[in-house]
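Sequential numbering of the sequence shown, starting at 87, is according to this note's numbering.
Positions of the beta carbon are idealized from the N, C-alpha and C atoms, including for glycine.
For reference, the structure discussed in these notes is given below.
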Amino acid sequence: MLGLMQDWPLLISKIIDYGACQHGSREVVTRSLEGPVHRTDYAAIRARALRVAQRLQRDGIAPGDRVATLAWNTWRHLEAWYGITGAGAIYHTVNPRLFPEQIAWIINHAQDRMVLADASFVALLEALADKLGCVERYVVLTDGAHMPATRLRNAVSFEDWIGEVDGDFRWLDLDERSAAGLCYTSGTTGHPKGVLYSHRSNVLHSMAMAAPDALGLASRSAILPVVPMFHANSWSIAFSAPMTGAKLVLPGARLDGAAIFELIETEGVTCAAGVPTVWAMLLRYLDEARARPSSLQRLIVGGAAAPRSMIEQFERLGIEVFHAWGMTEMSPVGSIGSLKPALGALEGDARIDVKCKQGFAPFSVEMKITGEQGERLPWDGKSYGRLKVAGAAVARAYFRDATPILDDEGYFDTGDVATIDANGYVQITDRSKDMIKSGGEWISSIELENLAVGHPDVAEAAVIGIAHPKWGERPLLVVVPKPDCRPRPEAILAFMSGKIAHWWLPDAVSIVSELPHTATGKLNKVKLRELFREQRLPAA
Ligand code: AMP
87 MLGLMQDWPL LISKIIDYGA CQHGSREVVT RSLEGPVHRT DYAAIRARAL RVAQRLQRDG
147 IAPGDRVATL AWNTWRHLEA WYGITGAGAI YHTVNPRLFP EQIAWIINHA QDRMVLADAS
207 FVALLEALAD KLGCVERYVV LTDGAHMPAT RLRNAVSFED WIGEVDGDFR WLDLDERSAA
267 GLCYTSGTTG HPKGVLYSHR SNVLHSMAMA APDALGLASR SAILPVVPMF HANSWSIAFS
327 APMTGAKLVL PGARLDGAAI FELIETEGVT CAAGVPTVWA MLLRYLDEAR ARPSSLQRLI
387 VGGAAAPRSM IEQFERLGIE VFHAWGMTEM SPVGSIGSLK PALGALEGDA RIDVKCKQGF
447 APFSVEMKIT GEQGERLPWD GKSYGRLKVA GAAVARAYFR DATPILDDEG YFDTGDVATI
507 DANGYVQITD RSKDMIKSGG EWISSIELEN LAVGHPDVAE AAVIGIAHPK WGERPLLVVV
567 PKPDCRPRPE AILAFMSGKI AHWWLPDAVS IVSELPHTAT GKLNKVKLRE LFREQRLPAA
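Written out as structure tokens, the structure is:
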């Protein structure tokens, strides 16, 4: 027997409708790319998102079409997301930090029909435009006065574009399982993989994230997502904020310590979320300026492991640190480090020990750790195994890719290795893959190795991550020269430079006579890391 309650579809348009209705005058504040701080509110965001949807439809964008965004966190980017999804189309967030060739690859793979981009990315797009045959129109997220001269196809400023319609539009009535967003994740091998979020998964994930043990949002909160909207949905904040009426403070392109501190202070930010690298920059600024955030209560740190010293420093300032773990395939949050009542009384080192773990799963996420044969391992804080997840906002397949990704029980293998303790707290001990995470962004070791062995004097190459105080990790390249060759480190780096994003370039090169291998002839990275355990990088 079915229940007799209404089928109220979990659509993204419901979020902004609610935000505009109940919290219409609640502010959305942006440090604009043009310079000044810009202020709007949820009612205006909704009104302009309606115009975006109407304008997209007039340009022939149909339900299911992909519209790319290449942009920092700003109010226009937010309006674009709500407008695109309200028209039944799919926002595809492109990470501008990718190497241009990868950007071209994913735009083509997604078959994006339009690109909405910040003015600062116009030159990048112009260089790629010949390869982007699928893109029919470029909308620059600015106004007519700041519109750069460009030869991009059918280019128009966002303000002129939405200025041509009146906003008399009704959000499309969609199945809540319809695709809403697309975000590519870079794997260790092969091409990036597209994670295709649905309206339902985004709404459920955002509700779970708004809860007190996660972002803890209320209408009186003010939240600052330093995490970019192009990085796994900005951890749901663009949805969780209007869903609760929290004030939304968007940092634009300035993520340095001084800029972030200023926004926190002037806007009364109570909760902020970002990767360890940005919080390291903020700590350095606080130290230099002898400043202390006055309103900040809760700091979410995730995307890479938060160092213990960072957690300690923020907690000493009276700011509670919530260490979170997740991945693009999980929308992205899988666990978050709020203290359960059994642990609430802990003090000193014992409290920090728990805070260093990545927390427990919120409602809507199920977890298991498994051993060699796929058997479930106990939650004893000691047994470690592959961390696998299932849930309302976990991927079941990649976009345009038939490869099965779930096990017999319907769980997705995260590729991370973890322990789970008796209280349900996850601790990531390693990742099964060997990617390097610099400033919250991935660097593929394999790609660097493949490039390095392209140098005529290099026989074999391996790349490992070395701890770095600012970026978390930076790549170290270890090479074995060909017989009778003596390549200089500078020459190898010069050879690699220009073929990869500049921030992918290894910080150091070490020349060795041989590399450790496993029984099957693969590079033994575990051994290699042991060998270079004491290694310090030049800039560090
Ligand atoms: P991405 O999909 O780019 O967000 O990367 C997800 C991966 O980042 C995870 O599979 C982990 O390996 C890593 N990661 C994310 N958060 C944490 C964390 N708090 N501690 C350790 N590793 C993390």
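Check: So what does Asn159 bridge to, in DSSP terms?
Finding: DSSP, once it has assigned bridges, lists Gly338 as partnering Asn159.
Notebook entry, point to check: In three-state terms, what does DSSP make of Asp507?
Noted result: Here Asp507 sits in coil by DSSP.
Check: Among the residues of its own chain, which have a CB less than 8 Å from the CB of Gln143, if the five just before and after it don't count?
Finding: Annotation for Gln143: Ala173, Phe255 place their beta carbon closer than 8 Å to its own, counting only its chain and skipping 5 residues before and after.
Next item on the list: Tell me whether Met396 counts as near ligand 1, meaning its Cβ is closer than 7 Å to at least one heavy atom of that ligand.
Entry: No, the Cβ of Met396 stays beyond 7 Å of every heavy atom of ligand 1.
Next item on the list: Could you tell me the distance, in whole angstroms, from the CA atom of Trp411 to the CA atom of Gly526?
Entry: Looking at the two C-alpha atoms, the distance is approximately 12 Å.
Next item on the list: Classify Ser111 as buried or exposed, calling it buried when 16 or more other Cβ atoms lie within 10 Å of its own Cβ.
Entry: Flag for Ser111 reads exposed.
Check: Using 8 Å as the threshold, is the region 592-606 in touch with the region 427-436, meaning 3 or more CB pairs across them?
Finding: Contact between the region 592-606 and the region 427-436 is absent, because fewer than three Cβ pairs lie under 8 Å.
Note to self: For the region 328-343 against the region 183-203, do three or more pairs of beta-carbon atoms, one drawn from each stretch, fall closer than 8 Å, so that the two count as touching?
What the structure shows: Verdict: no, contact absent.
Check: Using a Cβ-Cβ cut-off of 7 Å (strictly less than) and excluding sequence neighbours within five positions of Leu96, which residues of its own chain qualify?
Finding: The residues are Glu262, His285, Arg286, Val289, Leu290.
Note to self: Please classify Trp590 as buried or exposed, where buried requires at least 16 other C-beta atoms within 10 Å of its C-beta.
What the structure shows: Classification for Trp590: buried.
Check: Is Ser524 helix, strand or coil when you go by DSSP?
Finding: The answer is strand: DSSP assigns Ser524 an E or B state.
Next item on the list: Thinking Leu341 and Val312 are a contact (beta carbons under 8 Å), I'd like their distance in whole angstroms, please.
Entry: Indeed they touch by this definition, with Cβ atoms about 6 Å apart.
Item checked: beta-carbon Asp502 near ligand 1 non-hydrogen atom, thresh 7 Å -> In this structure, ligand 1 has a non-hydrogen atom nearer than 7 Å to the beta-carbon of Asp502.
Next item on the list: Inspect the beta-carbon positions of Gly241 and Lys217 and report whether they are closer than 8 Å.
Entry: Sequence inspection shows Ala at residue 241; the Gly mentioned does not correspond to that position. Their beta carbons are not under 8 Å apart, which means Ala241 does not touch Lys217 by this criterion.
Check: What's the C-alpha gap between Gly457 and Gln444?
Finding: Taking the straight line from one Cα to the other gives about 20 Å.
Note to self: With distance defined between alpha-carbon atoms, name the residue in Leu579, Trp557, Val115 nearest to Thr363.
What the structure shows: Checking every option, the nearest Cα to that of Thr363 belongs to Trp557.
Margin query: Any heavy atom of ligand 1 closer than 7 Å to the beta-carbon of Ile586?
Written below: No, the beta carbon of Ile586 sits no closer than 7 Å to any heavy atom of ligand 1.
Margin query: Following a CB-centred definition, is Ala50 positioned closer than 7 Å to any heavy atom of ligand 1?
Written below: As shown, the chain starts at 87 and ends at 626. That puts residue 50 outside it, with no answer to give.
Note to self: Please report the distance separating the alpha-carbon of Ala157 from that of Val180.
What the structure shows: Taking the straight line joining both Cα atoms gives about 8 Å.
Next item on the list: Taking only the alpha-carbon atoms, compute the straight-line gap between Thr274 and Val281 and give it to the nearest angstrom.
Entry: With a pLDDT of 45 at Thr274, under the threshold of 50, the predicted position of this residue should be treated as unreliable, though the coordinate-derived value follows. When only Cα atoms are considered, Thr274 and Val281 end up about 16 Å apart.
Note to self: I'd like to confirm something about Ala366: is its beta-carbon nearer than 7 Å to some heavy atom of ligand 1, or not?
What the structure shows: Using a cutoff of 7 Å, the CB of Ala366 does not count as near ligand 1, since none of the ligand's heavy atoms is closer than that.
Notebook entry, point to check: To which residues of the same chain is Leu382 closer than 7 Å at the C-beta, ignoring the five residues directly before and after it?
Noted result: Excluding positions up to five away in sequence, the list reads Ile350, Val355, Thr356, Ala358, Ile405.
Note to self: Quick check: the Cα distance between Asp151 and Gly388, rounded to an integer number of angstroms?
What the structure shows: If you draw a straight line from the Cα of Asp151 to the Cα of Gly388, it is about 31 Å long.
Note to self: Tell me the rounded alpha-carbon separation between Gln399 and Trp528.
What the structure shows: Going by the C-alpha atoms only, they are around 26 Å apart.
Check: Around the C-beta of Met295, are 16 or more other C-beta atoms found within 10 angstroms, so that it is buried, or is it exposed?
Finding: Met295 is buried by the Cβ-count criterion.
Next item on the list: Find out if the Cβ-Cβ distance for the pair Ala139, Gly105 is shorter than 8 Å.
Entry: Taking 8 Å as the Cβ cut-off, Ala139 and Gly105 do not qualify as a contacting pair.
Next item on the list: With a threshold of 16 other CB atoms inside 10 Å of the CB of Thr505, please say whether the residue is buried or exposed.
Entry: By the neighbour-count definition (other C-beta atoms within 10 Å, threshold 16), Thr505 is a buried residue.
Notebook entry, point to check: Taking 7 Å as the cut-off, is the CB of Ile192 close to at least one heavy atom of ligand 1?
Noted result: Outside the cutoff, so no.
Next item on the list: Tell me, please, which residues DSSP counts as bridged to Val281.
Entry: In DSSP, Val281 forms a bridge with Cys269.
Item checked: Under the three-state DSSP convention, the category Thr515 falls into -> Here Thr515 sits in strand by DSSP.
Margin query: On the DSSP bridge list, what partners appear for His109?
Written below: BP columns for His109 are empty, so no partner.
Notebook entry, point to check: Straight-line CA distance for Met87 to Asp93?
Noted result: The alpha-carbon atoms of Met87 and Asp93 are separated by roughly 15 Å.
Notebook entry, point to check: Under 8 Å, do Thr116 and Trp161 count as touching if we go by C-beta distance?
Noted result: By the CB criterion at 8 Å, Thr116 and Trp161 fall inside the cutoff.
Margin query: Quick check: what's the CA-CA separation for His588 versus Ala548?
Written below: Taking the CA atoms as reference points, His588 sits about 19 Å from Ala548.
Check: Can you name, in chain order, every residue of its own chain whose Cβ lies under 6 Å from the Cβ of Ile101, other than the five neighbours on each side?
Finding: Excluding residues within five positions, the ones whose Cβ falls inside 6 Å are Phe325, Pro328, Met329.
Next item on the list: Take Gly501 as the anchor and find which of Ala175, Trp465, Lys454 has the nearest alpha-carbon.
Entry: Selected option, being the one with the closest Cα: Lys454.
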